[in-house]
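Chains as they are written, first to last, in the working numbering: chain H, 9 to 335; chain E, 8 to 382; chain S, 264 to 517; chain L, 10 to 248; chain X, 227 to 520. Every residue gets a Cβ at the ideal spot worked out from N, C-alpha and C, and that includes glycine. One structure is given here, and the rest of the page talks about it.
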Ligand SMILES: Nc1ncnc2c1ncn2[C@@H]1O[C@H](COP(=O)(O)OP(=O)(O)OP(=O)(O)O)[C@@H](O)[C@H]1O
Ligand SMILES: Nc1ncnc2c1ncn2[C@@H]1O[C@H](COP(=O)(O)OP(=O)(O)OP(=O)(O)O)[C@@H](O)[C@H]1O
Ligand SMILES: [Mg+2]
Ligand SMILES: [Mg+2]
């Protein structure tokens with residue numbers, strides 16, 4: 009207990025220091041507005057990657073419609089702030105609740121399906137959500153929903169990203185997370201050991217969906233404009249790529265994947281015309297190469313955690329041995 | 008953050024910046040070079056480039072050479088503002104051209120206004136672009152309601168069409184926006200829309216919708232999508248035996264319309280920003296120099312409007328006599344300029360007041376038909 | 264009253280009656296053997312007991328109540344656990360996490376506790392951890408606690424399966440061919456171990472095994488299945504000398 | 010002994026990542042012999058068989074079959090030379106029927122009529138399989154699957170047969186039967202390399218044997234000698 | 227009533243397009259249990275190869291079709307060798323992401339100015355697109371050709387996979403590569419053949435669909451790719467007749483929704499149909515229940 013407390017305090021201090029430093033750098037203009045934008049995008053993408061990793065990496069369900077839940081959160085929260093004048097935080101929380109509810113509605117029937125069938129159903133659900141939004145005039149249909157107020161600032165993003173990370177960490181390091189992993193490895197065995205496999209999967213799915221919706225809310229109040237096409241299959245695969253590239257089942261991997269794949273395309277802007285013209289080509293080749301040479305992703309299924317860093321210098325720990333990371 | 012930035016910008020590196028400023032004037036351009044509409048991006052990029060090159064050849068702006076920096080927004084609303092922010096914060100541009108499509112221009116506008124950088128979008132026709140973008144956002148094209156009205160009036164008055172079928176891309180903001188604008192004006196004018204059908208991006212079979220439309224036997228079939236899809240629809244419509252006259256908007260403006268649609272396009276009408284067979288000096292010059300600069304490529308409406316947008320911005324800077332943004336915006340507001348697509352002045356919502364041109368397809372070629380003046 | 268009472272249990276796969284009229288009674292702290300030729304229906308009996316298959320007829324009473332129609336995890340909650348004929352560990356999880364997952368059947372906390380790390384969270388985690396350590400030690404796996412299950416040698420994997428099942432705190436443990444793939448020496452060690460488990464945990468064990476030495480050595484009673492039907496029941500001695508069993512199952516005596 | 014060497018494994022090393030599973034293993038099998046490999050769990054028995062049939066990459070060392078070097082020539086090529094491997098854990102084709110599984114065994118054979126004759130012979134050997142000809146193999150019981158795996162291998166008309174724990178999970182009566190069959194196949198001219206946990210029985214039918222400990226051969230000799238070896242008795246035979 | 231029959235024809239015609247593409251999809255899945263998400267893009271490449279053969283090499287229809295099939299077959303084999311083979315033992319999701327990256331790669335590659343460029347192209351009429359009338363209902367020759375091709379190719383392929391030795395080899399490789407190798411099956415070659423056939427089928431579809439809907443763009447494969455994946459799953463993925471039925475069902479539903487309910491909700495209906503079907507029959511219309519014996 010005491011040890012945990014001490015570790016917790018160290019972590020809080022580090023997080024606060026990082027925040028103060030970042031704030032300072034922004035104020036002094038050392039981190040410019042452009043970099044700040046990228047950091048905010050990174051934060052949103054981290055939350056998305058974390059949420060999808062919970063579903064894919066822990067419950068073992070291949071979900072291909074994650075952007076749809078993001079859309080639910082984005083639209084619902086935007087309606088609350090823009091049309092019903094609710095304050096920001098309650099609105100995005102309501103968005104997350106709506107995302108969780110949508111996750112329950114779709115997860116409840118389809119989580120009984122297996123593998124590829126589940127994948128295609130989530131994909132289908134993603135398309136359905138998109139088409140439905142395209143048909144709702146109240147939110148601008150295909151023309152998009154504009155006039156959303158800017159609420160998502162660096163401070164909020166920082167806070168929510170850290171909270172999301174802690175939340176995910178704590179979920180996966182609890183009996184619930186272990187149940188999810190057990191189910192993903194061998195559903196029959198897990199059931200025989202007393203795990204309600206369906207409930208474990210559904211719980212992971214709902215948390216993941218709610219968190220994606222939360223990220224959607226942040227996204228909407230940052231961009232101030234949302235349109236259905238932004239939440240299509242491409243967006244879902246983009247999030248999926250963060251997760252796979254970071255290492256399926258690795259929470260810190262998801263963070264790494266989201267950071268790298270958000271910053272990389274921006275970084276490529278700095279190069280010459282050739283790279284600019286063939287940016288997407290280069291990007292896809294890089295993913296193929298990365299997958300071939302490191303199919304387990306950047307982190308594999310390992311975790312980077314504070315205690316490892318402190319104890320053994322820069323070595324990673326095998327996941328089984330880790331207790332908890334930042335949280 | 009931006010105030011502090013300007014402060015450090017002027018104090019810390021005032022000297023170097025002054026030197027840099029002394030050499031060139033930097034303008035940023037946000038174009039969809041990759042993503043789902045790279046063809047538009049290429050036209051836009053060429054248009055901007057040609058305008059800048061032309062200006063530079065004539066001595067530049069304020070006696071300095073203009074440097075244009077292109078950034079790709081992938082036609083994604085989430086990318087456009089980031090890219091604009093980069094141009095403003097990192098490249099220190101004095102004005103931004105773009106974005107090409109409304110869905111990108113809408114979220115990008117507020118960024119420009121916040122940073123007090125004038126923005127001129129060449130082809131974003133959605134009303135909201137300037138409304139929500141704020142005082143620094145301008146455009147070079149007419150807006151959807153105007154084009155819709157122009158088309159509706161043309162259909163009623165010139166074609167004598169009493170019934171119309173509308174077929175649009177429900178997943179595309181432009182296509183849907185224009186279709187709605189048309190329907191509103193058309194029904195307001197006392198005519199009726201007998202069929203309203205839609206499809207989604209990427210589809211290529213329209214037989215189901217067209218069979219329904221055929222049933223209603225409309226006088227005209229309005230298709231508000233881009234040329235490649237329209238060509239395909241037109242073909243299928245004629246094959247199915249639909250005899251209605253085809254009508255569309257600026258998205259049709261490409262030589263590929265006929266290469267895909269073939270004979271089916273014959274006799275169709277569409278509104279554009281300028282007619283490519285216009286023999287006025289401005290148009291001929293533009294077309295020639297475009298072809299010369301880009302391996303004989305034919306300029307389309309996107310290229311022309313992008314060229315215009317760049318000209319409007321550079322002209323405003325010249326008139327302001329400084330790159331100071333407030334002055335430039337003032338100059339933009341009082342624009343009174345002849346460009347390729349006609350004569351431009353701005354209304355109080357920073358939308359250009361200019362006519363729409365109606366073209367028709369004759370012998371497989373686009374031909375000027377008539378001009379519809381703004382009311 | 265008996266811990267387990269099975270009456271007239273049967274199941275049909277298409278046209279095949281895999282198990283028919285099966286009955287069995289297990290009292291407290293008993294070690295019963297279930298043997299029979301390949302394909303006789305032994306594993307199928309396990310599957311029906313644990314709710315993996317739903318029987319077409321019959322009734323299962325366990326610990327005083329009917330468990331027919333319950334799902335697998337509900338059966339486990341009622342204190343029955345099993346191992347699998349073809350090992351089914353959580354391959355990519357550590358040895359200790361394999362065991363710890365089973366602990367949550369008995370001790371859980373709410374999601375809120377997990378997220379806010381309440382006192383309850385620490386308490387339950389602590390208890391689970393102690394339970395895991397205890398089992399690891401008993402099974403001689405303590406220095407392999409952090410290895411991934413898939414990297415264990417075969418024998419250890421079988422042992423881990425038993426440990427994992429025990430962590431659910433069963434009153435009845437079903438073991439499906441625990442000695443498969445072990446050499447005679449290891450099998451002998453296993454025999455001792457199984458008996459020890461039975462006494463240490465005061466539980467009953469139902470054992471499927473083809474190794475006659477093991478079965479005859481430790482089982483108190485044996486049921487023999489052939490073609491889904493019981494052909495003999497009795498003490499090891501009776502079974503060993505039952506001509507029907509010899510003919511169908513044991514073969515020539517050595 | 011002027012025996013014709015059928016299989017020769019020379020200083021073979023196999024790694025799984027960092028795990029050095031086989032260290033300089035050398036064994037020989039003469040034509041017509043039954044040779045058995047015994048060893049504890051994880052000793053590397055399966056790894057040897059997999060290395061021979063090219064399912065595992067041999068890091069260094071050589072495998073010769075009928076004097077030809079067959080190290081790393083591709084698993085499928087080995088089958089065409091009548092070196093057949095019954096893998097650990099049966100590995101039958103669960104989605105095919107019993108009969109189709111047997112016919113897959115004859116995949117490498119040119120002479121199909123002959124294969125059909127063999128199939129009938131196998132059905133006679135394992136009557137259970139005959140009864141279940143049309144059953145989807147994945148639903149067979151463990152023992153039934155084991156029979157199918159052996160039957161499938163015999164369909165390949167083996168000259169040298171590698172068997173990995175054929176008695177695993179089988180009823181005693183079937184174990185006896187399997188060992189009879191092994192001897193029968195051997196009498197008909199098939200050389201056999203047998204990996205068994207049931208060391209007693211394996212040694213009782215084998216000509217020679219090797220003892221494997223943590224990836225190394227620690228003992229070899231005549232089966233009749235090994236079965237009486239104190240060390241072997243203690244470690245593997247029980248009592 | 228006339229309209230209904232016309233819509234019926236429209237539905238079946240659209241369905242046969244989906245079926246044609248879905249066959250290759252399902253075939254690759256059936257053999258190596260991999261969702262080759264790049265299939266739609268190979269289809270797109272097939273269209274462009276056909277265009278190249280017709281307009282640059284001046285081939286007629288059949289040689290152009292053959293040219294495209296050989297071309298896509300080789301490209302498929304190359305993709306398999308370079309990108310998928312190293313990932314044989316990786317989790318399916320890794321392969322899935324790689325396939326998505328490959329599809330991005332193909333799209334962006336064709337989009338470059340060295341190849342097709344970003345602008346749309348049109349396909350010359352190398353086959354008759356004329357229509358004939360059955361009563362008042364219109365059918366075009368190309369519609370009939372596409373339907374027949376889908377059915378005939380499907381039948382041939384079904385025979386090939388279920389009855390020939392190579393077909394057996396393919397199925398067995400899908401189930402257990404090591405065990406297949408122990409039967410003397412050359413696993414690598416079998417997988418390569420599978421990819422060549424699957425990709426060649428996509429190439430054939432590319433040419434036919436290119437003629438039917440003569441608008442060729444680098445992005446033209448994405449939506450059909452997605453819809454045909456849906457069709458394959460709906461029919462029971464891995465089952466060739468399932469792909470045909472699934473394709474037709476999807477095409478039919480889509481058309482009927484557009485015709486009688488709402489054209490803007492068609493996709494929502496199609497995908498709802500998919501989800502409902504899977505809930506009722508979790509392995510798709512013709513899919514066999516896979517059983518895991520415990
Ligand atoms: N799901 C199923 N579908 C069809 N048949 C099945 C199924 N499960 C089991 N069987 C059949 O039921 C019979 C009994 O199988 P079971 O696995 O219970 O045998 P077992 O006694 O455990 O044999 P072994 O000792 O070989 O493991 C076998 O003939 C098997 O083929
Ligand atoms: N794929 C693999 N990856 C990592 N290690 C492996 C792998 N396969 C085997 N090993 C290790 O190599 C060693 C030898 O294994 P092998 O399977 O050859 O043993 P065995 O003698 O056949 O054992 P058993 O009697 O259990 O079948 C063991 O320590 C095992 O854990
Ligand atoms: Mg069994
Ligand atoms: Mg082994």
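Mind pulling the alpha helix (DSSP H) runs of 4 or more residues that sit fully within the segment 339-375 of chain E? none
Alpha helix (DSSP H) runs wholly inside the segment 384-451 of chain S, at least 4 long, in chain order: 417-429
Suppose the cutoff is 8 Å on Cβ atoms and the five residues either side in sequence are ignored; what does the same chain contact list for residue 127 of chain L look like? In the fourth chain, residue 127 of chain L corresponds to position 118, counting from 1. Hits under 8 Å: 115, 163, 164, 166.
Any C-beta of chain X within less than 9 Å: which residues of the segment 166-182 of chain L qualify? none
Continuous alpha helix (DSSP H) stretch holding residue 189 of chain H: start and end: The residue you call residue 189 of chain H lines up with position 181 of the first chain. Element bounds for residue 189 of chain H: 183-193.
Residue 154 of chain L: CB within 8 Å of a non-hydrogen atom of ligand 3: Taking the fourth chain and counting its residues from 1, the one referred to as residue 154 of chain L is at position 145. The answer is no for residue 154 of chain L.
Is residue 291 of chain X near residue 430 of chain X, with beta carbons less than 9 Å apart? As a first step, residue 291 of chain X must be located in the fifth chain, where it is residue number 65. As a first step, residue 430 of chain X must be located in the fifth chain, where it is residue number 204. Yes. Within cutoff.
Heavy atom of ligand 4 within 8 Å of residue 417 of chain S beta-carbon: The residue labelled residue 417 of chain S in the question sits at position 154 within the third chain. At least one heavy atom of ligand 4 is nearer than 8 Å to the Cβ of residue 417 of chain S, so yes.
Is there a Cβ of chain X sitting closer than 9 Å to that of residue 151 of chain H, yes or no? For this step, residue 151 of chain H is matched to residue 143 along the first chain. False, the Cβ-Cβ gap to chain X never drops below 9 Å.
Among the residues of its own chain, which have a CB less than 8 Å from the CB of residue 346 of chain E, if the five just before and after it don't count? To locate residue 346 of chain E, count along the second chain from 1; it is residue 339. Cβ within range, chain order: 147, 289, 314, 315, 318, 319.
Could you run through the segment 184-206 of chain E and flag, in chain order, every residue whose CB is less than 8 Å away from some CB of chain H? 184
Could you check if residue 151 of chain L belongs to the surroundings of ligand 3, using beta carbon to heavy atom distance under 8 Å? Taking the first residue of the fourth chain as position 1, residue 151 of chain L is located at position 142. Residue 151 of chain L Cβ: within cutoff of ligand 3.
Tell me the residue span of the alpha helix (DSSP H) that contains residue 277 of chain E. Within the second chain, numbered from 1, the residue matching residue 277 of chain E stands at position 270. Run containing residue 277 of chain E: none in the alpha helix (DSSP H); it sits in the beta strand (DSSP E), 276-279.
Cross-strand partners of residue 221 of chain L (DSSP beta bridge): Taking the first residue of the fourth chain as 1, we reach residue 221 of chain L at position 212. Answer is L:48, L:226.
Please state if the CB of residue 59 of chain H and the CB of residue 172 of chain H are separated by a distance shorter than 9 Å. Locating residue 172 of chain H in the first chain gives position 164, counting from the first residue. Locating residue 59 of chain H in the first chain gives position 51, counting from the first residue. Their beta carbons are under 9 Å apart, which means residue 172 of chain H touches residue 59 of chain H by this criterion.
Assign residue 205 of chain E to one of three DSSP states: helix, strand, or coil. Along the second chain, one-based indexing puts residue 205 of chain E at 198. Looking at residue 205 of chain E - three-state DSSP - the assignment turns out to be strand.
How is residue 315 of chain S classed by DSSP in three states: helix, strand or coil? Within the third chain, residue 315 of chain S is the residue found at index 52, counting from 1. DSSP places residue 315 of chain S in coil when its eight states are reduced to three.
Starting from residue 200 of chain L, follow the alpha helix (DSSP H) in both directions and report where the run begins and ends. Counting from 1 along the fourth chain, the entry for residue 200 of chain L is found at position 191. Premise fails: residue 200 of chain L lies in the beta strand (DSSP E), 200-204, not in any alpha helix (DSSP H).
Under the three-state DSSP convention, the category residue 216 of chain S falls into: Here chain S covers residues 264 to 517 and nothing more, so residue 216 of chain S does not appear.
Assuming residue 316 of chain E is part of the alpha helix (DSSP H), what are its boundary residues? Residue numbering aside, residue 316 of chain E sits at position 309 when the second chain is read from its first letter. That run of the alpha helix (DSSP H) goes 308-327.
Return no unless some Cβ of chain S is closer than 9 Å to the Cβ of residue 413 of chain X. Residue numbering aside, residue 413 of chain X sits at position 187 when the fifth chain is read from its first letter. For residue 413 of chain X, the answer is no, since every Cβ of chain S falls outside 9 Å of its Cβ.
Under the assumption that residue 252 of chain E contacts residue 32 of chain E (Cβ atoms under 8 Å), give the Cβ distance between them as a whole number of angstroms. Position 245 of the second chain, counting from 1, holds the residue named residue 252 of chain E. Position 25 of the second chain, counting from 1, holds the residue named residue 32 of chain E. Not a contact, Cβ separation roughly 48 Å.
Does any residue of chain S have a CB that is nearer than 9 Å to the CB of residue 520 of chain X? If you number the fifth chain from 1, residue 520 of chain X lands on position 294. True, the Cβ-Cβ gap to chain S drops below 9 Å.
Under 9 Å between C-beta atoms, does residue 47 of chain L make it to chain S? Here residue 47 of chain L refers to the residue found at position 38 of the fourth chain. For residue 47 of chain L, the answer is yes, since a Cβ of chain S falls inside 9 Å of its Cβ.
Spell out the partners DSSP gives residue 255 of chain E in its beta bridges. Your numbering for residue 255 of chain E matches position 248 in the second chain. Answer is E:230, E:277.
Taking all protein chains shown into account, do 16 or more other C-beta atoms lie within 10 angstroms of the C-beta of residue 225 of chain E, making it buried, or fewer, making it exposed? Taking the first residue of the second chain as position 1, residue 225 of chain E is located at position 218. Classification for residue 225 of chain E: buried.
8 Å contact criterion, which residue 124 of chain E and residue 103 of chain E should meet: CB distance rounded: On the second chain, position 117 is the one that residue 124 of chain E refers to. On the second chain, position 96 is the one that residue 103 of chain E refers to. Going by Cβ atoms, the distance from residue 124 of chain E to residue 103 of chain E rounds to 6 Å, so yes, they are a contact pair.
Counting along the chain, where does the alpha helix (DSSP H) carrying residue 263 of chain E start and finish? Walking along the second chain from the start, residue 263 of chain E turns up at place 256. That run of the alpha helix (DSSP H) goes 263-268.
For a minimum of 4 consecutive residues, which ranges assigned as the alpha helix (DSSP H) are wholly contained in the segment 44-119 of chain E? 45-64, 87-96
Which of the three DSSP states is assigned to residue 14 of chain E in this structure? Position 7 of the second chain, counted from the start, is the residue given in the question as residue 14 of chain E. Caution applies to residue 14 of chain E, whose pLDDT of 39 falls short of 50 and renders its modelled position unreliable; the value that the coordinates give is listed next. Correct three-state label for residue 14 of chain E: helix.
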